[in-house]
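For reference, the structure is listed below as C-alpha cells.
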Amino acid sequence: MQRKAVQYCTTMCKADVTPYWTCVYDELSMQDPIPLPLQRLFLCLVAAAYLPIMFPLTVGHFVGLDDSYFEFDEEHTFNFLTLLSVTTGLSQLQLYVCVSLTAAFFATLVWADITAIERPFRWPKTWETENNACYNDMFCEPSRKDRLIRRPGNTLSNFFYLFSAMIVLTSSYSRAFISEEKTSFISSDATFGTMMLILSISSTVWHGCNAMWSHGVDLWSMDAVIIYLPIRMMSLGVFVTLCKHSWDPIMASHIASAACMLTYSAHILSNGLRWKKKHDQKFWHKHFPFAVRNRLLHSPYVQTKKDDTIVSMSLGPIALYEVYLFALMPVIHNIPSWIMAKKVYGSFGSLCFAKILNMSLAVGWAYRMTERWALDACRHIKFFGERMEMAKSNGEHAKSFAWMTLAAVLSPTAVLHYCTGITLTAAFCHARSVEIIMLQKFPTST
C-alpha cells in the first residue's frame, strides 16, 4: 500500500513538471524577479560576451599585449602539425598511432553493436540499465532499445575524449622516459590523462547503456578534467614568480610541480567522495535534480515535503542569473589566462591553439544550452526522432538510419563532446606552449 502511494506521488510529480520538448526559458523568465527589459539586456550581454574570446589577438592588443606576446607560432612556421608535435613532444608517427588506437576502439564497439542486431543485448542487472529516469531528464537524443549502443551520437562522440587522453598520456610518457625534459608537471599531466581516459570510458558506458554506476564516475572525472589546466597554469605562475625572485629554476620547478600535483590530487579525492556520497544516496536515480525544469517554482522537486511521501533532494528554485553565469563559463575561464599572460608570463603562448580552444568551447557550450536538462530548446531532434520511428515502422530502414544519423550527429551532448574534446587537446597544447617559453627563459636542465 505504501509503495503504491509513493508510485502515485511520483506520477503526480512528473505530471506537474514541464513536459519534455518544451523550452523552459519563458517559464524561467516569468518566475524571475528581474524586470523583463533587464533580462533582455543581460541576455544580449551574454551573447556579446562570446565575441572577445573568438578574437584573442584583438583582445590582447586591447588589454596591452604587444606582438611580442604572440611570437610562439611564428617561431614554428604556423604549421599545425608542427605546433602539435612541438607542444606534445610527439612525432607525427606517434600522433598517428594515437588516432589509430582510438579509432580501433570505437570501430570495435560499432562492430559489436552491429553483430548484436539479431538478438537483444542484455547488460548486467546490477548496472540498472533499465532505469532511464535520470537519463531521459538530461538528454534528448532518441534511444534505440535492445541495442548495445542505445544513443550512438552521445556514445561515439567520446572518440574525441579518448584521443585527447591518448595524446596527454603518450606525451607524459615521452617526456618522462624518452626526451631530455624530465621535470615540470609530468606526474600531474599523467594523472590528468588518466582522468580523461576514465571520462572517455565512463561517458561511453553512461551514454551507451545508462548504467547508473557510470553516471557518478562520469561526473567525477568530468570535474577533474575541467579543473586541471587552470591549476596547471597557476602552478606554472608559481614557478615563474619564484624564478623572478632569484630561486634556483630546478628547485622552483620541483615546488611548482609538487604544488600542482597535491592540489589536483586533493580535488580528485574530495570530489570523488562527494559524488560517491550522492550515488549512495541515489541522488539521481528517480530524476536529474540539476535539470532546469526540475528547479522551476511549480516543480514538486523544489518543494519541502514533511510527510516524506516524495523522496527528493531539493536544490532550491533556480534563478535566471545562474543560467546566465553557466552560459558564460567559456568567457569566465579566459579571464585568469589574460591576467597571467600580462602580469606573470609576459607571453600568451600559441595563438593558434588559443583560437581553436576558445572557438570550439564557445560553439559546444552555447549549443549544449539547448539540451533537455538545460533549456530544452532542441525541437529539431524531436523531428528527427519522429521521422526515424515513422520510417522504421514502414520498413524503410535506410531512411530510418539516415534520420537516426542526423539526430546523433546534431545531438547537443554529442556536439559538446566533439567540441570539448578538441578544446581539451588544444588547451593542453596551449598550456605546454606557455611552459616551453617559460623554460626557455628559466632553464631547468643541468
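The opening position of the sequence shown corresponds to residue 69 in our numbering, with each subsequent residue numbered one higher. Cβ coordinates follow ideal geometry from the N, Cα and C atoms, glycine included.
Measuring alpha carbon to alpha carbon, tell me which of the options ends up nearest residue i.
i, options, result
"P210", "F469, F510, H313, P105", "F469"
"R363", "L330, F123, L96", "L96"
"P220", "I504, G261, H322, V178", "V178"
"P398", "D214, N426, A475, A279", "N426"
"T170", "I254, L230, V114", "L230"
"A387", "D84, P101, T86", "P101"
"C420", "T438, S501, C208, A180", "S501"
"Y88", "A430, R342, R447, G489", "R447"
"D444", "S321, L113, F207", "F207"
"E198", "A258, D135, D214", "D214"
"T512", "L149, L310, W191", "L310"
"A172", "D135, G132, L224, S136", "L224"
"T259", "V285, M329, S282", "M329"
"C91", "K450, H465, F496", "K450"
"F394", "A117, L152, M234", "A117"
Taking the alpha helix (DSSP H) that residue i belongs to, which residues open and close that run?
i, result
"C208", "Element bounds for C208: n/a, residue is neither H nor E."
"T145", "Looking at the DSSP string, T145 is not in any alpha helix (DSSP H), and its letter there is neither H nor E."
"A430", "419-436"
"N278", "Taken as a continuous stretch (DSSP letters only), N278 belongs to no alpha helix (DSSP H), as it is neither H nor E."
"T238", "227-245"
"P398", "397-400"
"G221", "220-224"
"G453", "447-461"
"A466", "465-477"
Which of helix, strand or coil does DSSP assign to residue i?
i, result
"S159", "coil"
"S380", "Bear in mind that the predicted position of S380 carries a pLDDT of just 48, short of 50, making it unreliable; the figure below should be weighed with that in mind. Coil."
"Q349", "coil"
"I386", "coil"
"E198", "coil"
"H485", "helix"
"S252", "coil"
"D257", "helix"
"D515", "Not covered by the structure: residue 515. The range shown for the chain is 69 to 514."
"H283", "helix"
"K373", "Model confidence at K373 stands at a pLDDT of 49, short of 50, so the residue's coordinates are unreliable; what they give is reported in the following sentence. K373 falls in the coil class under three-state DSSP."
"P87", "coil"
"D181", "helix"
"V92", "coil"
"E186", "coil"
"F356", "coil"
"W441", "coil"
"L133", "coil"
"K193", "helix"
"E503", "helix"
"G128", "helix"
Using the Cβ count rule (16 or more neighbours within 10 Å means buried), how would you classify residue i?
i, result
"S159", "exposed"
"H366", "exposed"
"H313", "exposed"
"M301", "buried"
"E186", "exposed"
"P480", "buried"
"G128", "buried"
"M98", "exposed"
"E454", "exposed"
"C497", "buried"
"K354", "buried"
"C277", "buried"
"V273", "buried"
"Y389", "exposed"
"A73", "Unreliable positioning characterises A73 in this predicted model, as indicated by a pLDDT of 36, which lies under 50. A coordinate reading is not provided."
"H283", "buried"
In whole angstroms, give me the CA-to-CA distance for residue i and residue j.
i, j, result
"Y93", "N204", "19 Å"
"L237", "T262", "7 Å"
"T176", "I266", "18 Å"
"V85", "A326", "48 Å"
"W441", "E143", "45 Å"
"N147", "I318", "31 Å"
"M264", "A482", "17 Å"
"Y486", "F228", "6 Å"
"E503", "L304", "7 Å"
"P120", "L383", "33 Å"
"W433", "A279", "25 Å"
"W343", "G463", "44 Å"
"A180", "L216", "7 Å"
"I505", "H335", "28 Å"
"S380", "F123", "Note that S380 has pLDDT 48, beneath the 50 cutoff, so the model's placement of it is unreliable and the number below is only indicative. Roughly 44 Å separates the two Cα atoms."
"S428", "A495", "11 Å"
"V477", "K346", "31 Å"
Check whether chain C comes within 9 Å of residue i, counting only Cβ atoms and requiring the distance to be less than that.
i, result
"F123", "The chain labelled as chain C is not found in the depicted structure, where only one protein chain is given."
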